[in-house]
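Here the structure is laid out as structure tokens; the discussion comes afterwards.
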Amino acid sequence: MDLFTPLLNAIPAVMTFPNLLAMVGGVLAGIIVGSLPGLTATMSIAVLLPLTFAMDPLVALGMMAGIYNGAMYGGAIPAILLRIPGTPAAIVTTFDGYPLAQQGKAGYALQIALLSSAFGGMMSAVAMMILAPPLSLVTLAFGPPEVFWVGIFGMAAVSVFLGDDLPKGLLAALLGLFVGMIGLDPVMSTDRFTFGALELESGIDIVVLMVGLYAIPPCIDMAEETFRKAKTGQKLEFAPFMQTVREIPRFFKVWSWAYIYGIFVGLLPGASGSFVSFLAYERAKKMSKDPQSFGKGNPEGVAASEFGNNADNAAALIPTVTLGIPGSSVAAVIMGGLLVHGLQPGPDLFRNSADIIYGFMIQMFLTSLILIPLGGSFATNLFAQVLRIPRPLLIGLILCLSIVGAYCVQNSIFDVWLMFGFGLLGYVMSKTGLPLAPVALGVILGPLIESNLRLSLLLDVRNEHILFTRPICMVLIALLVLTTVFPPLWKRFSARRKKAQDAA
Amino acid sequence: MKRYMLPIVAAGMMFSTAAFAQYPEKDITVIVPYGAGGGSDIMVRTVAPYIEKYLDGDVSVVVENRTGASGIVGWQALHDAKPDGYTIGIITTPSIVTKPIEGKAKFTWQDFTLIANMVTDPAALNVKKGSDFKNVTDLVEYAKANPRVVTMATGNFGGDDHLAGLQLEALTGAEFTFVPFPGAAARNATMGGHVAVGSFNLGEAVNYQESVDILGIMADKRSDIDPNIPTLKEQGFDIIASSQRGFAGPKGMPEEAVKALSDALKQALADPEFQQDAKDQGVVLDFADQKAFTEGLAAFDKNMRAIWDKTPWLK
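So the protein lines, in turn, are chains A and B. In terms of UniProt numbering, the first sequence is residues 1 to 504. In terms of UniProt numbering, the second sequence is residues 1 to 315.
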């Protein structure tokens, strides 16, 4: 078959020793970087980029693929063990991962996260191998009006993350939307809430916010605990690995939805992958027969989140390699890596450098596959020791990492202070029972929705109400109504009917 | 006698090192005011090994990304650095000229020591392949007949793409609706047919001619990177607009450092291997020494101030 010839041709180029070494090294580095709050895949690939100049292009790309896939799993490790997401995409993993860890099933949660990440990454790579050129049409078909509705879709998912206390949840979501508004406005470039600070003009980076909100409050908590009583280390209860593997069929349904969301959002430039896990989690909870167990340690929550954030990986690279439009910030840095090696994205890339681009897709697949042994044996066992670290030491460690991480985003000390500011805010929020996740979702989606709304209004030069009349928009609106308006109505209707029957 | 020897020898050595000190003796830091992996960053990282090769002396060129506020954060850092020739940076037009005009920066481009220009990427008008607009005249005529109906994708308001569109409006009296997309999204919107025309640089368009038609570039003459693309000038619209990237240092940099760096850059840009790298990345090379670079910026500054006084592009 024509489709597979270039793939098969690329295999020998991938299976060389330096290449395999680069992939293994990349995955390990990725897991470590991902697991350190504040250090992200984007950052580490950007830092390593200059080192790859002298390398063979495939070796360089293999390393980047490894870091990318590794980091997306790595983020789950502290999310599960400490409720501190290592990457923004792992925020959702904390919901069920941490409760599982508290029930003494941290090992089991890590295994679920690992398998979900690995399969998510592999399936995403398969989509890229088979469907990259046709899927890139999706990127082109989605203009500002369509992306606006996708953003609204995400915002509708927020309901699941608001927690039990609705006003508090909404307050947190509004806070997120507010933080997302800081900086230059997306259309007129006017300063908003910057108070004349140059550093705030480009807005607040999600990494700075996340590190502050999620990493600092646990440190304060731990410090309080340490003063009250010295706690001995917990132990991880590892289920036999094969037993977890046998559970895979249970997650098929959750994974499939996470897959669809992951590929789709990955294809849209500007819609960051972090929100895939929110969408996937919401769907998993809504589909579940036992939605009450979500947030209390349901492994399906971990599976949805982790599969989702890895399913976005290769998909975000599809518009990058076919159109030169990066689907995420990591993809943007990887595109930089391609350019440095003289590989200009676009149709020519597939014609002139087929071995390299198909080789890269194979690497995206293989690095997800080797995530299983590497993550399973080495990294997870190593990081599980985190729980044994004496608390005062752990606090210092997290604080150091947080400072480094916040600083690295823009090499700016301002961001470090900002991070501590958010840390205090997060501490106050956790003491007053305000949920953190809606803040993150607001920051991720607010700017996306706003800029696409305003661009759509500008584009509507003939007053055609393009937000409602373009065909894809109409489909999206219909889906939105079907998924958000009908289920509660249906529930009420069937409850009433049941009541009527009971009465009769 | 002997006891005077040591100070004399020491003084002599100090004198000799001062006299024979050759730039460069230590590593050179290049401040890039934009993120790693972006256009400016890649350009600097690609040229860095060639600068190292052509400079006398075994030193490294270290790239430091200082991002934020459309370049101003990085430029402020460059402005405040010690002018010893070991901290230089990238300046880009139009921002280095327009940001001070907008009152957003505490410096002007005259507060830097210009070293040399490296890239001049002409502004270009691009349409989706197969668009009804076959040339710039078609576009302008339609836009004049239907004011504000033609949507034009640009980068940020006040950026080079937007200013190029404003110049076209000023020259022809046509009216466009400008739609500011972030990053490379303007090209995406043009390729996807979400806008009628896209204003983005030749370097961002030249390698995508399977999906976009380039109606014309706003340059004095056709570009070496693809001589088949006409200029606006030859279609009767005399507009020159571009985005430039060059090297500069803090004010008061020593002459010999400027000269050494400028010569090394000139040699690097003449290196066929580097030229191929640049072409693959869609970079339009255009070397200009300190004098020519300064004159170009001065003319541009005058032009922009005239526009700003009449119709400020930001409100």
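For glycine and all other residues, C-beta sits at the position ideal for the given N, C-alpha and C. From a predicted model like this one, the values you see are computed outputs, not experimental measurements.
- Message: Quick check on Met218 (chain B): does DSSP put it in helix, strand or coil?
- Response: Taking the first residue of the second sequence as 1, we reach residue 218 (chain B) at position 218. Three-state DSSP puts Met218 (chain B) in coil, outside helix and strand.
- For Ala22 (chain A), I'd like the list of residues in its chain whose CB is within less than 6 angstroms of its CB, leaving aside the five on either flank, ordered along the chain. As a working note, residue 22 (chain A) is residue 22 in the first sequence. Closer than 6 angstroms at Cβ, skipping near neighbours: Val59, Gly62, Met63.
- Item | Contacting positions in the stretch 130-142 of chain A - beta carbon closer than 8 angstroms to chain B | Thr139, Leu140, Ala141, Phe142
- Within the present structure, is the beta-carbon of Phe493 (chain A) separated from the nearest heavy atom of the ligand NAD by less than 6 angstroms? This structure lacks the ligand NAD; in fact it carries no ligand of any kind.
- Item | Cβ-Cβ distance between Met419 (chain A) and Val208 (chain A) below 7 angstroms | Taking the first residue of the first sequence as 1, we reach residue 419 (chain A) at position 419. Taking the first residue of the first sequence as 1, we reach residue 208 (chain A) at position 208. Contact flag set, yes.
- Message: I'd like the list of long-range same chain contacts for Thr151 (chain B), defined as Cβ closer than 6 angstroms, with 5 residues on each side in sequence excluded.
- Response: Counting from 1 along the second sequence, the entry for residue 151 (chain B) is found at position 151. Excluding positions up to five away in sequence, the list reads Thr177, Val179, Val195, Ala196.
- Message: Quick check: Thr113 (chain B) and Glu64 (chain B), are their CB atoms within less than 7 angstroms of each other?
- Response: Counted from its first residue, the second sequence places residue 113 (chain B) at position 113. Counted from its first residue, the second sequence places residue 64 (chain B) at position 64. No; because the gap between Cβ atoms is not below 7 angstroms, this pair is not in contact.
- Please determine if the stretch 21-39 of chain A and the stretch 84-92 of chain A are in contact, where contact requires at least 3 C-beta pairs separated by less than 8 angstroms. yes
- Message: I'd like to know whether the C-beta of Pro167 (chain A) is nearer than 7 angstroms to at least one C-beta of chain B.
- Response: Taking the first sequence and counting its residues from 1, one reaches residue 167 (chain A) at position 167. With 7 angstroms as the cut-off, Pro167 (chain A) does not count as an interface residue toward chain B.
- Do you know offhand how far Arg66 (chain B)'s Cα is from Ala145 (chain B)'s? Translated into the one-based positions of the second sequence, residue 66 (chain B) becomes position 66. Translated into the one-based positions of the second sequence, residue 145 (chain B) becomes position 145. Going by the C-alpha atoms only, they are around 46 angstroms apart.
- Message: Just to confirm, is the Cβ distance from Ala153 (chain B) to Ala189 (chain B) under 7 angstroms?
- Response: On the second sequence, position 153 is the one that residue 153 (chain B) refers to. On the second sequence, position 189 is the one that residue 189 (chain B) refers to. Yes. Within cutoff.
- Message: Give me, in chain order, the residues of the same chain whose beta-carbon lies closer than 6 angstroms to that of Val330 (chain A); leave out the 5 immediate sequence neighbours on both sides.
- Response: Walking along the first sequence from the start, residue 330 (chain A) turns up at place 330. The residues are Ala41, Thr42, Tyr68.
- Can Cys219 (chain A) and Ile334 (chain A) be called in contact, C-beta distance under 7 angstroms? One-based indexing of the first sequence puts residue 219 (chain A) at position 219. One-based indexing of the first sequence puts residue 334 (chain A) at position 334. Contact: no.
- Message: Mapping the DSSP letters down to three states, classify Val30 (chain B) as helix, strand or coil.
- Response: Position 30 of the second sequence, counted from the start, is the residue given in the question as residue 30 (chain B). DSSP places Val30 (chain B) in strand when its eight states are reduced to three.
- Taking residue 505 (chain A) as the reference, which of A:Glu300, A:Met72, A:Gly120, A:Val126 has the closest Cα? As shown, chain A starts at 1 and ends at 504. That puts residue 505 (chain A) outside it, with no answer to give.
- Mark Ile11 (chain A) as exposed unless 16 or more other C-beta atoms lie within 10 angstroms of its C-beta, in which case mark it buried. For this step, residue 11 (chain A) is matched to residue 11 along the first sequence. Per the 10 Å Cβ criterion, exposed.
- Based on the DSSP output, what are the partners of Ser117 (chain A) in its beta bridges? Position 117 of the first sequence, counted from the start, is the residue given in the question as residue 117 (chain A). Answer is none; Ser117 (chain A) lacks a bridge partner.
- Message: Give me the subset of the stretch 401-432 of chain A whose CB atoms are less than 8 angstroms from a CB atom of chain D, sorted by chain position.
- Response: In the structure shown, chain D does not exist; the protein chains are A and B.
- Message: For the alpha helix (DSSP H) containing Ala303 (chain A), name the first residue and the last one.
- Response: Along the first sequence, read from residue 1 onward, the residue named residue 303 (chain A) stands at position 303. That run of the alpha helix (DSSP H) goes 299-323.
- Message: Check whether the stretch 172-179 of chain A and the stretch 429-449 of chain A touch, using three or more Cβ-Cβ pairs below 8 angstroms as the test.
- Response: yes
- Glu64 (chain B) lies in the beta strand (DSSP E); which residues open and close that run? In the second sequence, the residue the question calls residue 64 (chain B) occupies position 64. 61-65 is the span of the beta strand (DSSP E), which, as asked, contains Glu64 (chain B).
- Neighbour flag for Gln111 (chain A) against chain B, beta carbons, 7 angstroms: Sequence index remark: in the first sequence, residue 111 (chain A) carries index 111 (1-based). Not an interface residue.
- Message: Check for me: the beta strand (DSSP E) holding Gly246 (chain B) runs from which residue to which?
- Response: The residue labelled residue 246 (chain B) in the question sits at position 246 within the second sequence. Looking at the DSSP string, the run of the beta strand (DSSP E) that includes Gly246 (chain B) is 242-250.
- Query: Ends of the beta strand (DSSP E) at Lys233 (chain B)?
  - Reply: Here residue 233 (chain B) refers to the residue found at position 233 when the second sequence is read from its first residue. Looking at the DSSP string, Lys233 (chain B) is not in any beta strand (DSSP E), and its letter there is neither H nor E.
- Asn411 (chain A) lies in the beta strand (DSSP E); which residues open and close that run? As a position in the first sequence, residue 411 (chain A) is number 411, starting the count at 1. From DSSP, Asn411 (chain A) is part of no beta strand (DSSP E); its letter is neither H nor E.
- Task: Can you have a look at Ala223 (chain A) and say buried or exposed, based on whether 16 or more other CB atoms are within 10 angstroms of its CB?
- Result: Taking the first residue of the first sequence as 1, we reach residue 223 (chain A) at position 223. Counting Cβ neighbours within 10 Å, Ala223 (chain A) comes out exposed, since fewer than 16 surround it.
- Do the stretch 368-386 of chain A and the stretch 112-124 of chain A meet, that is, are 3 or more Cβ pairs less than 8 angstroms apart? yes
- Residues sharing a beta bridge with Thr151 (chain B), DSSP: To locate residue 151 (chain B), count along the second sequence from 1; it is residue 151. For Thr151 (chain B), which the question treats as bridged, DSSP gives the partners B:Thr177.
- Contact check, Ala264 (chain B) vs Leu55 (chain B), beta carbons under 7 angstroms: For this step, residue 264 (chain B) is matched to residue 264 along the second sequence. For this step, residue 55 (chain B) is matched to residue 55 along the second sequence. Going by C-beta atoms, Ala264 (chain B) is nearer than 7 angstroms to Leu55 (chain B).
- Query: Arg45 (chain B) touches chain A at which residues, Cβ-Cβ below 8 angstroms?
  - Reply: Taking the first residue of the second sequence as position 1, residue 45 (chain B) is located at position 45. The contacting residues are Leu49, Pro50, Phe53, Val340.
- Message: Which residues of the stretch 142-164 of chain B have a Cβ closer than 7 angstroms to any Cβ of chain A? Give them in chain order.
- Response: Arg148, Val149, Thr151, Asn156, Phe157, Gly158
- Message: Taking DSSP's pairing of strands, which residues face Ala288 (chain B) in a bridge?
- Response: In the second sequence, residue 288 (chain B) corresponds to position 288, counting from 1. Bridge partners of Ala288 (chain B): B:Asn117.
- So what's Phe4 (chain A) in DSSP terms, helix, strand or just coil? As a working note, residue 4 (chain A) is residue 4 in the first sequence. Coil, per DSSP.
- Query: Is the stretch 214-222 of chain B touching the stretch 232-239 of chain B, taking contact as three or more C-beta pairs under 8 angstroms?
  - Reply: yes
- Query: At a Cβ threshold of 7 angstroms, is Gly336 (chain A) touching chain B?
  - Reply: The residue labelled residue 336 (chain A) in the question sits at position 336 within the first sequence. Yes, contact with chain B.
- Which one or two residues does DSSP pair with Lys128 (chain B) in a beta bridge? The sequence position of residue 128 (chain B) within the second sequence is 128, counting from 1. Paired residue(s): B:Val212.
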